Amino acid sequence: MDVSPQQRELVEQVKIWFTCTEMEALVQTAVQFADANCSVFEPELGEHKLEYTRLHNEFKQLFEDRLNSFLSSIGATPEAFYEAFEKIGREEGGDVQGLAEIMYTCLQYEFFCQIMCERKREMEIQQAAGVPPAPPPVPGGYGDTRVEGYGAGAPPAPP
Numbered sequence: 000m001d002v003s004p005q006q007r008e009l010v011e012q013v014k015i016w017f018t019c020t021e022m023e024a025l026v027q028t029a030v031q032f033a034d035a036n037c038s039v040f041e042p043e044l045g046e047h048k049l050e051y052t053r054l055h056n057e058f059k060q061l062f063e064d065r066l067n068s069f070l071s072s073i074g075a076t077p078e079a080f081y082e083a084f085e086k087i088g089r090e091e092g093g094d095v096q097g098l099a100e101i102m103y104t105c106l107q108y109e110f111f112c113q114i115m116c117e118r119k120r121e122m123e124i125q126q127a128a129g130v131p132p133a134p135p136p137v138p139g140g141y142g143d144t145r146v147e148g149y150g151a152g153a154p155p156a157p158p
C-alpha cells in the first residue's frame, strides 16, 4: 500500500506538533498529574494496586485527548492519522520510528509507574527537608531539573 502525499503531510504535522509545539505543555501536564496522584504509589510493597491501572488509563487519556484535539483542529480524524502512521512506519527507512518510540515509551505502564514513584520520592525528600513543593515546570523549561531523571535515557512523559 502506497502512502499518499496527504498522509505524509498529516504525519509530519503531528510530528511537528508533538516534538516542537506541544512537548513542553505535555511535560508540564505530566508533572502536574504526577504531583496530584503519586501519593498512592507504594513501590516498597513490591506489587501493583488496581488503582495504578486506573491512573495509568487516565494518564493515557490526557495524551489521547490532546492528540485528538490537535487532529480535529487540522481537519483530520484519529483513524486517518493512525492509518497513515502505520503505513509510513512500515516503509523501509521510515522517518517516524523515533516519534513512534517516544509516543510508545511515554504511554507504557512501566514507564508511568516509574515516573510516579520517582516523583513521590522527590516530593518526600523535599518535604523532609522542609522545602515547599516546587511548582510544575513552565513551557520552555527543558532544562528544568525537576523533570530530569524521569526514566534515564527515556523521554519525558506526556499526558
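In numbering that gives the first Met the number 0, the protein residues as written are 0 to 158.
The C-beta atom is built at its ideal place from N, Cα and C for all residues, glycine as well.
Predicted, not measured: the structure shown is a model, and the values here were computed from it.
- prompt: Buried or exposed: which applies to Lys-48, given that a residue is buried once 16 or more other Cβ atoms fall within 10 Å of its Cβ?
  reply: Taking the first residue of the sequence shown as 1, we reach residue 48 at position 49. Exposed, because fewer than 16 other Cβ atoms sit within 10 Å of the Cβ of Lys-48.
task: Can you give me the start and stop residues for the alpha helix (DSSP H) that His-55 sits inside?
output: Counted from its first residue, the sequence shown places residue 55 at position 56. Here the alpha helix (DSSP H) through His-55 covers 49–72.
message: Below 8 Å on the Cβ atoms is my contact criterion, and I expect Val-10 with Ala-99 to pass it. Report the Cβ-Cβ distance as a whole number of Å.
response: Translated into the one-based positions of the sequence shown, residue 10 becomes position 11. Translated into the one-based positions of the sequence shown, residue 99 becomes position 100. Val-10 to Ala-99, Cβ: 10 Å. No contact.
- request: Could you tell me the distance, in whole angstroms, from the CA atom of Val-26 to the CA atom of Thr-20?
  value: The count along the sequence shown starts at 1 and reaches residue 26 at position 27. The count along the sequence shown starts at 1 and reaches residue 20 at position 21. Taking the straight line from one Cα to the other gives about 12 Å.
query: Where Lys-86 and Ser-3 are concerned, what is the direct C-alpha to C-alpha distance, given to the nearest angstrom?
result: The residue given as residue 86 occupies position 87 in the sequence shown. The residue given as residue 3 occupies position 4 in the sequence shown. Rounded to whole angstroms, Lys-86 to Ser-3 spans 10 Å at the Cα level.
Residue burial classification, Val-13 (beta-carbon count within 10 angstroms, cutoff 16): Your numbering for residue 13 matches position 14 in the sequence shown. By the neighbour-count rule (16 or more Cβ atoms within 10 Å), Val-13 is buried.
- request: Would you mind sorting Thr-18 into buried or exposed? The rule is 16 or more other CB atoms within 10 Å of its CB.
  value: Position 19 of the sequence shown, counted from the start, is the residue given in the question as residue 18. When all chains shown are included, Thr-18 counts as exposed.
field: Contact under 7 Å by Cβ, Phe-58 with Phe-111
entry: Along the sequence shown, one-based indexing puts residue 58 at 59. Along the sequence shown, one-based indexing puts residue 111 at 112. A contact, by the Cβ cut-off of 7 Å.
query: Under three-state DSSP, which class holds Gln-12?
result: Here residue 12 is taken as the residue at index 13 of the sequence shown, counted from 1. In this structure, Gln-12 counts as helix in the three-state DSSP scheme.
- prompt: Does the beta-carbon of Gln-5 have 16 or more other beta-carbons within 10 angstroms, so that it is buried, or is it exposed?
  reply: Within the sequence shown, the letter at position 6 stands for residue 5. Result: exposed.
- prompt: Is Ile-114 near Ala-33, with beta carbons less than 7 Å apart?
  reply: Locating residue 114 in the sequence shown gives position 115, counting from the first residue. Locating residue 33 in the sequence shown gives position 34, counting from the first residue. Result yes, Cβ atoms of Ile-114 and Ala-33 sit closer than 7 Å.
query: Can you round the beta-carbon distance between Phe-69 and Trp-16 to whole angstroms, since I take them to be within the 8 Å contact cut?
result: Locating residue 69 in the sequence shown gives position 70, counting from the first residue. Locating residue 16 in the sequence shown gives position 17, counting from the first residue. Indeed, because the Cβ distance is near 5 Å, the residues count as touching under 8 Å.
query: What are the complete alpha helix (DSSP H) segments, minimum 4 residues, inside the stretch 84–108?
result: 96–106
task: Measure the C-alpha to C-alpha separation of Gln-125 and Arg-118 and round it to an integer number of angstroms.
output: Here residue 125 is taken as the residue at index 126 of the sequence shown, counted from 1. Here residue 118 is taken as the residue at index 119 of the sequence shown, counted from 1. Straight-line Cα distance between these residues: approximately 11 Å.
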